Structure formats: C-alpha cells, structure tokens
Amino acid sequence: MRLYIYEHCPFCLRTRMIAGFKNLPIQYSIIMEGDSETPIHLVGKKVVVPILQKSDGQYMTESLDIVKYLDDLSPPYYAQGEVNTEIEAWIKKNSSLIFRLIVPRFTQSDFKEISTPEARQAFIERETASFGDLKQLYENSEPDIHAMNTSLTEIDSLIEHHEEMNITDFMIFPWLRSLSIVEGLIFPSHTKRYMNRIATAAKVNLLFDQAR
Ligand SMILES: N[C@@H](CCC(=O)N[C@@H](CS)C(=O)NCC(=O)O)C(=O)O
1 MRLYIYEHCP FCLRTRMIAG FKNLPIQYSI IMEGDSETPI HLVGKKVVVP
51 ILQKSDGQYM TESLDIVKYL DDLSPPYYAQ GEVNTEIEAW IKKNSSLIFR
101 LIVPRFTQSD FKEISTPEAR QAFIERETAS FGDLKQLYEN SEPDIHAMNT
151 SLTEIDSLIE HHEEMNITDF MIFPWLRSLS IVEGLIFPSH TKRYMNRIAT
201 AAKVNLLFDQ AR
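Taken in order, the sequence shown gives residues 1 to 212; the numbers are from UniProt numbering.
This is the structure in structure tokens:
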C-alpha cells in the first residue's frame, strides 16, 4: 500500500498515525505543493491529500475513512469508539485560532512538499487565498499566542482524563503536533507528555525543532 501525503498536513497525519501504531508496511509518497497532475493521474481528478493506494490498486481519499479502513484490516485496533465530545468541542472552538497560528509558519518551514521555490510559492498562494496576507498574520501572532496558551490549559485537563487510545487521538493529536511549530506556546505537562507518547507510538515527528 502507498500513502500520498504532505508532511505538514494534519489530515495526512491521521493516516500516518494509524500506519505507525499498527506497523503497517506502507510506502509514502510526498506530493509537491502545486502538483495537481499526480492526483489527477492517480484518481482522475484534483483531490486533496491524503490518498491511499490499497493493495488491490484502488484509491481511497478522506483521512478518517482511510484510518478506519487501515484499522479494520487486523487487530489490535486503535481507532474505535466515539470521539470525546469535550475534546471535539475544544477543537471546534479553537480551529480558526489554530489555523491562524500554524499556516504562516508552515509556509516558512522545511517540509519536503515545499522543498523547491516553485512548490513553496504554490503553497503560499494556496494558503493566501484562504487566510489572506500570511506575513501580516505571522507578525500579528502575539494575541493569538496568548489566547492559545489559555486554550492549552483547558485541553490539558481533558487530556489528563483521556486514557485509552481511541478515535479521539486521531482528532486531537494532529492539531497539537501542528501547534508544536509555534514558538511561544506553553504546552502544559499532561499535554506535553501526551504529545511525546503519541508521536513515539505513531513514529511521527513533532515540530518543536522548527518552531518560529
Ligand atoms: N477532508 C479531507 C481534508 C484534507 C485536506 O484538506 N488536505 C489538504 C492539505 S492539509 C490538501 O490536500 N489541500 C490541497 C489543495 O487544496 O489543493 C481529509 O480529511 O482527508
């Protein structure tokens, strides 16, 4: 099987998590930003990543569908149960704040999908179309960092009481991993421990070393 991803993409991370937890023999292909030809070649139209090529050669999109499909292949299972409603509500409440913080930083960072000037420019243009002037967003981050630090203290007690691994982890961890690229955020102790534990089990990197 093969997963087509972007390294920065929080939705792709869900699929990398399940592959890592289960030690699945999956190959990765990083699609370059601005490359619409590869997905068109694979699935006949411009679709977003992640894309899974299954063993039977068929393609599948939508991160949560891919997670469920890979989880259901064999035990042990990781992505079962219901999403913790309080954690889900926290994500919903904070999602635009999270995007405002992570997007301008992603565009400045080192990911394979933006390792050429053309790809980085394509990424900047794609995100500018959704979020406006990224330089301004980055330079005016201070109030958002302050607000996010307050929000992180709220998620910490929810994470403290979230013990069993289930579908909730696929919802929250990718956002926390994304936020690890934001310099000035203070991750409370339960959250920090959780991030390290899941990153290790999933064999994915956190982004603290690229924080800006
Ligand atoms: N609902 C989709 C969302 C995936 C998604 O938004 N992927 C973004 C990257 S984070 C993408 O590929 N964007 C490329 C584009 O819009 O051209 C999923 O969960 O798989």
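We put the beta carbon where it would ideally sit given N, CA and C, even for glycine. The model shown is predicted, which means the values in this text are computed figures rather than measured ones.
For Glu113, the CB contacts under 8 Å within the same chain, skipping 5 residues up- and downstream, are Tyr6, Glu7, His8, Ile30, Ile31, Met32, Glu33, Ala119, Phe123 in chain order. Three or more beta-carbon pairs separated by less than 8 Å are not found between the stretch 144 to 153 and the stretch 37 to 44, which leaves the two stretches without contact. Per DSSP, Ser29 is one residue of the beta strand (DSSP E) stretching across 27 to 30. Contiguous beta strand (DSSP E) elements confined to the UniProt domain "GST N-terminal" (1 to 78) occur at 2 to 5, 27 to 30, 51 to 53, 59 to 61, taking only those with 3 or more residues.
Measuring C-alpha to C-alpha distances from Arg2 to each of Leu52, Thr38, Gly184 identifies Leu52 as the nearest. Counting only heavy atoms of ligand 1, the residues whose C-beta sits closer than 5 Å to one of them are, along the chain, Cys9, Phe11, Val48, Val49, Glu62, Ser63. The criterion of a C-beta distance shorter than 8 Å is satisfied by Pro104 and Tyr138. Distance from the CA atom of Arg177 to the CA atom of Leu158, rounded to whole angstroms, is 17 Å. Where Phe111 is concerned, there is no enclosing alpha helix (DSSP H), because DSSP gives it neither an H nor an E. The C-beta distance from Ile98 to Leu179 rounds to 6 Å, short enough to fall under 8 Å. Excluding sequence positions up to five before and after Ser96, its CB lies less than 7 Å from no other CB in the same chain. Phe187 is positioned such that its CB atom lies no closer than 8 Å to that of Met17.
Leaving aside the five residues that flank Gln121 on each side, the residues in its chain whose CB is nearer than 8 Å to its CB run, in chain order, Gly34. Boundaries of the alpha helix (DSSP H) harbouring Ala201: 189 to 202, taken from the DSSP string.
In this model, Glu125 and Ser189 are separated by some 37 Å (Cα to Cα).
Counting only the Cα atoms, Gln136 lies some 32 Å from Glu86. Of the candidates Ile91, Asp209, Lys203, the residue whose Cα lies closest to the Cα of Ala19 is Lys203. With contacts defined as CB atoms closer than 8 Å, Gly81 and Asn205 fail to qualify as a contacting pair. Closest in alpha carbon position to Tyr4, among Ser63, Tyr28, Leu24, is Tyr28.
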